[in-house]
Amino acid sequence: MICPKCHGTIPEISRYCLHCGVFLSPPEQHEEDEEGMDREWEDRVLCSDGACTGTIVDGKCTYCGKPLSDPSESLTSS
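When the letters of the sequence shown are read in order and numbered with the working numbering, they come out as residues 33 to 110.
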């Protein structure tokens, strides 16, 4: 990214220019994006391991790697 004031090269995630210190306004977020994020957050499937904080993506946990277990299996196995 290029600073609008001094034209120095700065990282895309910068909030301030590393060369001249000017504040860089963050990119605008659209309401559609925020609503989509809310829906995605509500639709997540948590890892079946009670101690893990990961979510299930493509059938396995993104944190510990364990596959999604079927809750009915634990009820019928006793």
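All C-beta atoms in this analysis are idealised placements derived from N, C-alpha and C, irrespective of residue type, glycine included.
Ser-46 versus Pro-58, His-39 and Glu-72, residue with shortest Cα-Cα distance: The sequence position of residue 46 within the sequence shown is 14, counting from 1. Of the candidates Pro-58, His-39 and Glu-72, the one whose C-alpha sits nearest the C-alpha of Ser-46 is Pro-58.
Reduced DSSP secondary structure (H/G/I, E/B, other) of Thr-108: Position 76 of the sequence shown, counting from 1, holds the residue named residue 108. Here the model assigns Thr-108 a pLDDT of 44, short of 50, so the residue's position is not dependable and the matter cannot be decided.
Counterpart residues of Cys-98 in DSSP-defined beta bridges: Here the question's residue 98 lines up with position 66 in the sequence shown. For clarity, residue 98 is Lys in the given sequence; the question names Cys instead. Partner(s): none; Lys-98 has no beta bridge.
Looking only at DSSP bridge pairs, what is Leu-78 linked to? Locating residue 78 in the sequence shown gives position 46, counting from the first residue. For Leu-78, which the question treats as bridged, DSSP gives the partners Thr-87.
Which residues in the same chain as Glu-98 place their Cβ atom closer than 6 angstroms to its Cβ, once the five residues preceding and following it in sequence are excluded? Numbered from its first residue, the sequence shown carries residue 98 at position 66. According to the sequence provided, residue 98 is Lys. The question's Glu does not apply to it. Closer than 6 angstroms at Cβ, skipping near neighbours: Asp-81.
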